[in-house]
Amino acid sequence: MTVVHTPNRALITEAAAELLRTLQDRHGALMFHQSGGCCDGSSPMCYPDGDFVVGDRDVLLAVLDVGDGVPVWISGPQFDTWKHTQLVIDVVPGRGGGFSLESPEGKRFLSRGRAFTEDENRALDAVPPVTGAGYERGERPPANGTHLVAEAIDACAIPVK
């Protein structure tokens, strides 16, 4: 039997994980939902777990291994656009969007992306993503080791000219 390694669809930098731990201490269990644009741009919005209603067609990208686990969701139509990209949640100075919990901290979560390789895309195509409806039925994403990276550049290399 051949074991196919599927890459994590979402990662988090150590700096973002540190802020997330602070927010968990204050607010308890948390979740991310990658916003679809409009007023807040396209950014990972951090909410107390359960405060944002996940739809049946939303896709669970990962459960980040920070604290007791932080699910990262994205809308189904947006996933169709981003499915070839690994999402890396980072943190930068600034004000968070909308009602995202980091807003009062003077920091904001930011999505960075890395295009999956052809081999990674083939491996991911073999494992259907977990949707909100599937999650309600008990489906969970595969455990793929750590989701932490020291810095965004460790996952999203900057092209050299």
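With the working numbering applied, the sequence shown closes on residue 182, and no number is skipped along the way.
Yeah, the Cβ is synthetic: ideal placement off N, Cα and C, and Gly gets one too.
In this text, all values refer to a predicted model and were calculated from it rather than measured experimentally.
>> Closest to residue 96 by C-alpha separation, out of 154, 36, 41, would be which residue?
In response: If we check each option's Cα against that of residue 96, 154 comes out closest.
> Mind checking whether residue 31 and residue 108 have CB atoms under 7 Å apart?
Replying inline: Result yes, Cβ atoms of residue 31 and residue 108 sit closer than 7 Å.
> Under three-state DSSP, which class holds residue 54?
Replying inline: Reduced to three states, the DSSP call for residue 54 is strand.
> Between which two residues does the alpha helix (DSSP H) carrying residue 100 extend?
Replying inline: Counting along the chain, the alpha helix (DSSP H) containing residue 100 begins and ends at 97-103.
>> Can you give me the C-alpha to C-alpha distance between residue 22 and residue 77, rounded to a whole angstrom?
In response: Any reading at residue 22 must be qualified, since the residue scores a pLDDT of 44, below 50, and its modelled position is unreliable; no value is offered.
>> Nearest by alpha-carbon distance to residue 133: which of 88, 172, 73, 75 is it?
In response: Considering only alpha carbons, the answer is 172.
> For the candidate residues 82, 41, 86, 151, whose alpha-carbon lies nearest to that of residue 69?
Replying inline: Per the Cα distances, 41.
> residue 17 by DSSP, collapsed to three states: which one?
Replying inline: The first residue shown for the chain is 22 and the last is 182, placing residue 17 beyond what the model contains.
>> Check this for me: beta carbons of residue 83 and residue 168, under 7 Å apart or not?
In response: Cβ distance < 7 Å, so residue 83 and residue 168 count as in contact.
>> Closest to residue 43 by C-alpha separation, out of 100, 80, 124, 158, would be which residue?
In response: Answer by Cα proximity: 124.
>> Within 10 Å of its beta-carbon, does residue 129 have 16 or more other beta-carbons around it, so buried, or fewer, so exposed?
In response: Classification for residue 129: buried.
> Near residue 90, which residues of its chain fall below 8 Å by C-beta distance, leaving aside the five closest residues on each side in sequence?
Replying inline: Cβ neighbours of residue 90 beyond the five flanking positions: 84.
> Which residue's Cα is closest to the Cα of residue 166: 116, 100, 87, 159?
Replying inline: Out of 116, 100, 87, 159, 87 has the C-alpha closest to the C-alpha of residue 166.
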